[in-house]
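Peer 1: Residue numbering for the sequence shown follows our numbering, starting at -13 and increasing by one per position.
Below: one structure in structure tokens.
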Amino acid sequence: MPNKRPRLSNNSNAHALSFCHICKRKNHSADECRFKPTALNQEQYSKRGESNSKPTCTFCQKLGHTYDQCFKRDRSLTSNINHIEGTKLAPLTIRIGVKILRAVFDSGAECSFIRESVAAALPGQRVQTANYLRGIGRFPVLSLTSLLTICVIDDISVEIQFYVLADCEMSTDILVGMNLIKGTNLSVIVKSSKTKLVHQGLINHITTNSPIFGKLDCDLSDPEEIKQLRILLNKYEHLFIRGYPKTRVNTGMLEIRLKNPDKYVERRPYRLSPVEREKVRTIVNELLKHNIIRESKSPYSSPIILVKKKNGDDRLCVDFRELNANTLRDHYPLPLISDQIDQLANGLYFTTFDMAAGFHQIPISESSIEKTAFVTPDGLYEYLTMPFGLSNACAVYQRCINRALFSLLGSAAQVYVDDVLSKSADFTQGLINIERILIALHKAGFSINADKCSFFKRSIEYLGNVVSNGKIRPSPKKVEALVKAPVPNTAKKVRQFNGLAGYFRKFIPDFSRIMMPLYELTKQGAKWEWNDRHEEARNKIIQCLTSSPVLTIFQEEAPIELYTDASSLGFGAVLVQIINKRQHAIAFMSMRTTDTESRYHSYELETLAVVRAIKHFRQYLYGRKFKIITDCNALKASKHKKDLLPRIHRWWAFLQNYDFEVEYHKGNRLQHADFLSRNPSSCEVNIMTRDLDWLKVEQRRDEILRRLMDSFNNGNPVDG
């Protein structure tokens, strides 16, 4: 008879007895016996009281032995599990419990089967039942037991029901049928004699390369916990990508509303060298290929510039300054920072997700697409997804991701723009939180940057603090600018130090007494002599300025001022808020210049100081209006200037993402920032914040912003 797909018969009402008179085995009745004769000689066993009759072989029809004991049949032909003609048996490796087992996958089999001897050593739920299976050999075979167990295939956990068969009925330990994927969102791909279990809809993403995660960035040490984490991540591996996203979110879109709808941006393209022009063509073709942009006939035309990425590649950025100036602000709020930091108190483990491809996952409304049009020397194009550089991008993204994770905010997840953080008190809860976040992001259509995620970290750098074991302490880098600043060796340098200390005098008890020795050194006609009294005063001020009482809590509604200054040695900045008509310091920064930067013109240094300060205070400034106070009068005029030096132009391309005004103050009013710029930290950057009083939070910096900012000094020239 032709081979048939193994299937269940309707007869499943047999009852287990203690002894079978046909095969002489226990725990089943003669009616349930897999060696029971067929209808051809069934009548020999139909009469009551004939339990001592000799068995009849169903193969050769002779008495005295069973089908299983018959030497005339070709065991290699008749005892195997058969499969549909035209289908192939593919090798498969599965893990059940702690055992790694070899199996085969049969796409023509409806059910899965396992040898009795193999099943005996495996965990799972066993059910005593009688099921006749056809398509196994030449005759129906009875399975008396089924095993329901969890199998791990390709790091994906799936529950499979196996029908247990006598060892002699199978030529392989395990045969997996199509019930593997029935009722799931899984698919099986058989390629080059290899079997791959994947999530449905992801076939185009399957490759023979290594898994999406190689070495995990995590602090777990238990191998079983690491294994469970890998199983979970591979279950949702389709969410983790490299490169451009292939999906768009369904929780919102960008809509650009104009203050003056009759005002258009009509700019000519910036001049590019032949090499730059070819690079722009390549980038544009890549964006077209991934459906990020399309060709346009829009009346709008914003120019583009090329900026170097950290890895040396080029990034195309659009100069949206004119469009942003005519755009109505989206006032969707960023998260309350104090609420976020409070939620970290009891966290033992911290997991961070970085959303992929910046803002390119957010679609744009049809009516707004034309407004994003940009011009190159070779054509006019418009964005189909939200580009970098639009003033409302932050608010739009926050709205979209808040909608996606709304039910998890405050419990399993904390979100700031495109960074997602999850904390947990133990591994089990952390694993649950991660899966809930991944499910929500999947439903909303978000993709995650596979290279920028950390899992179950016991200690993380978060908002200028080290967060670990449910506690928040100052970062070790916090005090470095003052501690490692050189001891003053001239009266001028003492004045610089005094200027910084005086700015914070309202926060330091007994400030005048402590500072008296240093004031004496700056008096007119005073003899220069640095002794132990001066060193003690300096050390006390340093200790006070870097202790908890120094800095004030950041308040969401209070006006923000950013004081910046630069010298050939470094950059300095102080972040200040006006609270009750008084200035309160929130944080300060000190950074050295590079050898190249130290040779910049003072105007370039002052502009770069603003860029560096905003970069490191992004958690406070992004999405908020603030005032920049500088002693460089030319900086204020350059905000609206079109013909800028190429280097300055690239810096303003970054600054256009922030909402600020520039105010000029004379240098003698900026001594606190001046000190930091002339006494930079020996490290690249130092951000000082108050410890427990700083109950405000930042999210990790946006990857695109970070790389763009790091590349400003090395960008290709652009002729404006």
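Even glycine gets a Cβ: it sits at the ideal position worked out from N, Cα and C.
Note that this is a predicted model, so its numbers are computed, not measured.
1) Would you mind working out which of 248, 136 and 566 sits nearest residue 285, comparing C-alpha positions?
2) Are there 16 or more other CB atoms within 10 angstroms of the CB of residue 262, so buried, or fewer, so exposed?
3) In angstroms with no decimal places, state the Cα-to-Cα distance between residue 140 and residue 84.
4) With 16 as the cutoff for other CB atoms within 10 Å, does residue 175 come out buried or exposed?
5) State the beta-bridge partners of residue 338 as determined by DSSP.
6) Span of the beta strand (DSSP E) holding residue 293?
7) Among 445, 128 and 513, which residue has its Cα nearest to the Cα of residue 476?
8) For residue 365, I'd like the list of residues in its chain whose CB is within less than 7 Å of its CB, leaving aside the five on either flank, ordered along the chain.
9) Which one or two residues does DSSP pair with residue 302 in a beta bridge?
10) Assess contact between the segment 336 to 356 and the segment 229 to 241, defined as three or more Cβ pairs (one per stretch) separated by less than 8 Å. Is contact present?
11) Taking the CB atoms as reference points, tell me whether residue 582 and residue 637 lie closer together than 9 Å.
12) Can you find at least 3 beta carbon pairs, one from the segment 91 to 108 and one from the segment 161 to 168, that sit closer than 8 Å?
13) Taking residue 387 as part of the alpha helix (DSSP H), name the residues at either end of that continuous run.
14) Is residue 262 helix, strand or coil when you go by DSSP?
15) On the DSSP bridge assignment, give the partners of residue 272 in chain order.
16) I'd like to confirm the pairing. Which residues does DSSP put opposite residue 267 in its beta bridges?
17) For my contact list, residue 304 and residue 288 are in at a C-beta cut-off of 8 Å; report their separation, rounded to the angstrom.
18) If I follow the unbroken beta strand (DSSP E) through residue 77, where does it start and stop?
19) Rounded to the nearest angstrom, what separates residue 148 and residue 126 at their Cα positions?
20) Tell me residue 129's beta-bridge partners as DSSP assigns them.
21) Pull up the CB-CB distance for residue 609 and residue 579, whole angstroms please, since I reckon it's below 8 Å.
22) Out of 368, 294 and 340, which has the shortest C-alpha to C-alpha gap to residue 352?
23) For the beta strand (DSSP E) holding residue 563, just list the boundary residues, first then last.
24) For residue 434, count the other beta carbons within 10 Å of its own beta carbon; 16 or more makes it buried, fewer makes it exposed. Which is it?
25) Tell me which residue opens and which closes the alpha helix (DSSP H) that residue 369 is part of.
26) Count the other CB atoms, across all protein chains shown, that sit within 10 Å of the CB of residue 501; report buried if there are 16 or more and exposed otherwise.
27) Can you tell me whether residue 447 is helix, strand or coil according to DSSP?
28) Find the nearest neighbour of residue 87 within the set 107, 382 and 370, judged by alpha-carbon distance.
29) In the DSSP assignment, the alpha helix (DSSP H) including residue 601 goes from what residue to what residue?
30) What is the rounded straight-line gap between the Cα of residue 70 and the Cα of residue 156?
31) Below 9 Å between beta carbons: does that hold for residue 214 and residue 321?
32) Please list, in chain order, all residues of the same chain as residue 242 whose beta carbon is under 7 Å from its beta carbon, the five residues on each side excluded.
33) Does the Cβ-Cβ distance between residue 337 and residue 432 come in under 9 Å?
34) Quick one: what does DSSP say residue 480 is sitting in, helix, strand or coil?
35) Nearest by alpha-carbon distance to residue 91: which of 165, 615 and 290 is it?
Peer 2: Quick look at the numbers:
1) As a working mapping, residue 285 is identified with position 299 in the sequence shown. Ranking the options by Cα distance to residue 285, first place goes to 248.
2) Counting from one through the sequence shown, the residue named residue 262 turns up at place 276. Buried, since its Cβ has 16 or more Cβ neighbours within 10 Å.
3) Locating residue 140 in the sequence shown gives position 154, where the first residue counts as 1. Locating residue 84 in the sequence shown gives position 98, where the first residue counts as 1. Answer to the nearest angstrom: the Cα atoms are 15 Å apart.
4) The residue you call residue 175 lines up with position 189 of the sequence shown. It counts as exposed.
5) For the purposes of this step, residue 338 is identified with residue 352 of the sequence shown, where counting begins at 1. Paired residues: 407 and 440.
6) The residue labelled residue 293 in the question sits at position 307 within the sequence shown. 288 to 294 is the span of the beta strand (DSSP E), which, as asked, contains residue 293.
7) The residue labelled residue 476 in the question sits at position 490 within the sequence shown. Closest by alpha carbon: 513.
8) Stepping through the sequence shown from its first residue, residue 365 is reached at position 379. Excluding residues within five positions, the ones whose Cβ falls inside 7 Å are 281.
9) By 1-based counting over the sequence shown, the position of residue 302 is 316. Paired residues: 292.
10) yes
11) Here the question's residue 582 lines up with position 596 in the sequence shown. Here the question's residue 637 lines up with position 651 in the sequence shown. Not a contact, by the Cβ cut-off of 9 Å.
12) yes
13) As a working mapping, residue 387 is identified with position 401 in the sequence shown. It spans 379 to 390 - the alpha helix (DSSP H) in which residue 387 sits, taken as one unbroken run.
14) Indexing the sequence shown from 1 puts residue 262 at position 276. Helix.
15) Your numbering for residue 272 matches position 286 in the sequence shown. Answer by DSSP bridge pairing: none, since residue 272 is not bridged.
16) In the sequence shown, the residue the question calls residue 267 occupies position 281. In the DSSP output, where bridge partners are listed per residue, residue 267 has none listed.
17) The sequence position of residue 304 within the sequence shown is 318, counting from 1. The sequence position of residue 288 within the sequence shown is 302, counting from 1. That belief holds up - the Cβ atoms of residue 304 and residue 288 are roughly 5 Å apart, short of 8 Å.
18) As a working mapping, residue 77 is identified with position 91 in the sequence shown. Unbroken beta strand (DSSP E) run through residue 77: 75 to 82.
19) For the purposes of this step, residue 148 is identified with residue 162 of the sequence shown, where counting begins at 1. For the purposes of this step, residue 126 is identified with residue 140 of the sequence shown, where counting begins at 1. One C-alpha to the other measures close to 17 Å.
20) As a working note, residue 129 is residue 143 in the sequence shown. In the DSSP output, where bridge partners are listed per residue, residue 129 has 117.
21) As a first step, residue 609 must be located in the sequence shown, where it is residue number 623. As a first step, residue 579 must be located in the sequence shown, where it is residue number 593. About 29 Å separates the two Cβ atoms, so there is no contact after all.
22) Reading the sequence shown from its first residue, position 366 is the one you call residue 352. For residue 352, the nearest C-alpha among the options comes from 368.
23) For the purposes of this step, residue 563 is taken as the residue at position 577 of the sequence shown. Element bounds for residue 563: 556 to 565.
24) Here the question's residue 434 lines up with position 448 in the sequence shown. By the neighbour-count rule (16 or more Cβ atoms within 10 Å), residue 434 is buried.
25) Numbered from 1 along the sequence shown, position 383 holds the residue referred to as residue 369. Here residue 369 belongs to no alpha helix (DSSP H); instead the beta strand (DSSP E) covers 365 to 369.
26) Along the sequence shown, one-based indexing puts residue 501 at 515. Looking at its Cβ environment, which holds 16 or more other Cβ atoms inside 10 Å, residue 501 is buried.
27) Numbered from 1 along the sequence shown, position 461 holds the residue referred to as residue 447. In the structure shown, residue 447 sits in a strand (DSSP, three-state: E or B).
28) As a working mapping, residue 87 is identified with position 101 in the sequence shown. If we check each option's Cα against that of residue 87, 107 comes out closest.
29) Position 615 of the sequence shown holds residue 601. Its alpha helix (DSSP H) spans residues 588 to 602.
30) Within the sequence shown, numbered from 1, the residue matching residue 70 stands at position 84. Within the sequence shown, numbered from 1, the residue matching residue 156 stands at position 170. Note that residue 70 scores 36 on pLDDT, short of 50, meaning its location in the model is unreliable; the coordinates nonetheless yield the value given after this. Cα to Cα, the separation comes out at about 16 Å.
31) One-based indexing of the sequence shown puts residue 214 at position 228. One-based indexing of the sequence shown puts residue 321 at position 335. No, they are not a contact pair.
32) If you number the sequence shown from 1, residue 242 lands on position 256. The residues are 313, 354 and 357.
33) In the sequence shown, the residue the question calls residue 337 occupies position 351. In the sequence shown, the residue the question calls residue 432 occupies position 446. In this structure, residue 432 does not lie closer than 9 Å to residue 337 by Cβ.
34) What you label residue 480 is simply residue 494 of the sequence shown in a count that begins at 1. Correct three-state label for residue 480: helix.
35) In the sequence shown, the residue the question calls residue 91 occupies position 105. The shortest Cα separation from residue 91 among 165, 615 and 290 belongs to 165.
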